[in-house]
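Chains as they are written, first to last, in the numbering used here: chain Y, 512 to 805; chain S, 20 to 357. Ideal placement from N, C-alpha and C gives every residue a C-beta, glycine not left out. Note sheet for the following structure.
Below, the structure is given as structure tokens:
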């Protein structure tokens, strides 16, 4: 088994990382992701955020940056910087968990549809088309409203609505892989279809899945921010989207309390930009058709 | 009766339904009633142009496509009705060497994994170590030395000749009784061909494996095979021992093929017959003898009615019991009396 893994990683992690670093797009993306993951993972350990630690009186509400609150305070007198750090963690967590669901469902359906073709393909692709044309946002709002404002629900809703693109891409790659001669060779050796999928198809679609996954993370983070901004976020786990929501409803924008809404706004912008840059750069590396274009 | 054959193909038909606007409900008869017998340890070459149906026969025997009708007996067992796990278990007895070694080996696998794969599929060997040893032995047998060194490489790092040896190693590792080789050297440099063919010949002697050797190159068939069957448009037109077929070709099609084999010195009095036109589509097989539109003998004899209306059968010729030919006028003895 370890030998099989070795095969996958020969063109593995280090190789791709080096390639990414050489591409300016990939390098900027990696830097941004490095900074944001530092903010999301390390900072909350040293500056934990306690949502119940509210200000004592009216004078501590929506104060500007000061010695005690480097990024001021929110409408309840809580520290915005600490909130920003923990919000990064929630946004990233939801984005990544939703992406895992989306990738497993999408690549599973894509590989099976592409490999078996025929009727199964038709059936799975109609389902995919359905999820592709379903207006995602209203459905997310409806589902979020039905199942409640809970982080698990949000992850599930986003995850199960963002897989069709992955399924389409993986399917088309699988369809072309299926025409390669090593598939009939494996069959003539006596391989079962599942074994062929596992040993000959999956390793080939893996780079594509990874590239696509990175882009999906960006989309999922944005979806989470959107849902939270409209007020469907989990009120106990404040993400950047939730921060924007509360800054909006508390009138921080009207009052010019920029320290409250600018940090999460730019946070979302940067994290999405980071994933998108890395994703596109990775796609460029793995897809020979894009090579030499830039 | 079928017991003594390694492979016996009986009246095999393979047809494809053509779809699309051009050929609605048209049926292409790629293999149109082919029977072949192969003795254990024997090499039979199947020679034909592209589009003659030779690869369809290979794929049908390998059960990579479903034959329309007919029997395929391997060591007396009919493969056609087998399905699922029964068929997969049976597959260890017949293996295939594919035409293009650049396509048939997974570029993401190491050589050793490629060769160990059949063992893993059939659960041969007690552990990975034992399978590894078997694989290294097979690589050495296929002429890849040092085997351990080459085993650690990826297939995409090897040359075409080396890859085809890897394919051979993975085909022989299950010790099959039959190997189908579909144009195994046509994608290789001419300088490498002899080496590959020698390895295949050595394995035939060591393992007693029989080959169905598919090629478009008559001189290659003559070099490598014991017997040659010439196929034209899905039907065998002539079958004889390799020497007999080359020295005394009877069917006008075979004659034309033999006449264009390059020889070092021009044989006195020998003229080359260049066939006109292309092989017709298997969806519109000509009536009567399927070769008549391109047949030089047909024109020479003044276009006899018989060729236009009757389909000649593959029959024992007057010359020899083992020389079969499908032509009304090929036998000089018969031809004179007509």
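Taken in chain order, the whole alpha helix (DSSP H) runs of length 4 or more contained in the stretch 658-703 of chain Y are 662-672, 675-689 and 693-700. In this structure, the beta-carbon distance from residue 770/Y to residue 587/Y does not fall below 8 Å. Residue 693/Y and residue 259/S have their C-alpha atoms some 34 Å from each other. About 11 Å separates the CB atoms of residue 755/Y and residue 777/Y; that is not less than 8 Å, and the two are not in contact. Under the 8 Å criterion on CB atoms, residue 175/S is classed as non-interfacial with respect to chain Y. In summary, the residues of the stretch 687-698 of chain Y whose CB is separated from some CB of chain S by less than 7 Å are 691, 692, 693, 695, 696 and 698, in the order they occur in the chain.
Closer than 8 Å to the CB of residue 140/S there is at least one CB belonging to chain Y.
The Cβ atoms of residue 331/S and residue 314/S do not sit closer than 8 Å to each other.
Residues of the stretch 696-716 of chain Y whose Cβ lies closer than 9 Å to any Cβ of chain S, in chain order: 696, 697, 698, 699, 700, 701, 702, 703, 706, 710, 711, 714 and 715. In the three-state DSSP reduction, residue 260/S falls in the strand class (E or B). With contacts defined by Cβ atoms closer than 8 Å, residue 83/S and residue 695/Y form a contacting pair. At a cut-off of 8 Å between C-beta atoms, residue 117/S counts as an interface residue with respect to chain Y. The beta carbons of residue 47/S and residue 306/S sit about 16 Å from each other, so the pair does not count as a contact at 8 Å. Per DSSP, reduced to three states, the secondary structure at residue 748/Y is coil, with no helix or strand assignment. Between residue 183/S and residue 207/S, the gap from beta carbon to beta carbon is short of 8 Å. Where residue 189/S is concerned, the enclosing alpha helix (DSSP H) starts and stops at 179-191.
In this chain, residue 538/Y is not harboured by any beta strand (DSSP E); it is covered by the alpha helix (DSSP H) spanning 535-548. Under the 10 Å beta carbon count, residue 659/Y is surrounded by fewer than 16 other beta carbons and is classified as exposed. Annotation for residue 160/S: the continuous alpha helix (DSSP H) segment containing it runs 147-160. Two segments are said to touch when three or more pairs of C-beta atoms, one from each, lie closer than 8 Å; by this definition the stretch 620-638 of chain Y does not touch the stretch 780-798 of chain Y. Short of 8 Å from the beta carbon of residue 566/Y, and not among the five residues preceding or following it, lie these beta carbons of its own chain, in chain order: 572, 584, 587, 588 and 589. Contact check for residue 233/S and residue 73/S: beta-carbon distance about 5 Å, within the 8 Å limit, so the pair qualifies. The C-alpha of residue 700/Y is placed about 24 Å away from the C-alpha of residue 168/S. DSSP assignment within the stretch 312-347 of chain S yields the following whole alpha helix (DSSP H) runs of 4 residues or more, N-terminal first: 315-319 and 324-328. Going by beta carbons, residue 154/S and residue 170/S fall inside the 8 Å limit. Close to chain Y, meaning a Cβ-Cβ distance shorter than 9 Å, is no residue of the stretch 300-316 of chain S at all. Residues of chain Y with a Cβ closer than 7 Å to the Cβ of residue 81/S are, in chain order, 699. Between residue 257/S and residue 344/S the beta-carbon gap is near 5 Å, inside 8 Å, which marks them as a contact.
By the neighbour-count criterion, in which a residue is buried when 16 or more other Cβ atoms sit within 10 angstroms of its Cβ, residue 637/Y is exposed. When C-alpha distances from residue 269/S are compared across 137/S, 347/S, 253/S and 241/S, the shortest belongs to 347/S. The C-beta of residue 327/S comes no closer than 8 Å to any C-beta of chain Y. Look at the beta carbons and you see the stretch 668-681 of chain Y touching the stretch 636-655 of chain Y: at least three pairs across the two are nearer than 8 Å. Assignment of residue 110/S by DSSP, reduced to helix, strand and coil, places it in the helix class.
Within its own chain, the residues whose Cβ lies closer than 8 Å to the Cβ of residue 205/S, once the five positions on either side in sequence are excluded, are 118, 234, 235 and 236, listed in chain order. Within 10 angstroms of the beta-carbon of residue 594/Y lie 16 or more other beta-carbons, which makes it buried.
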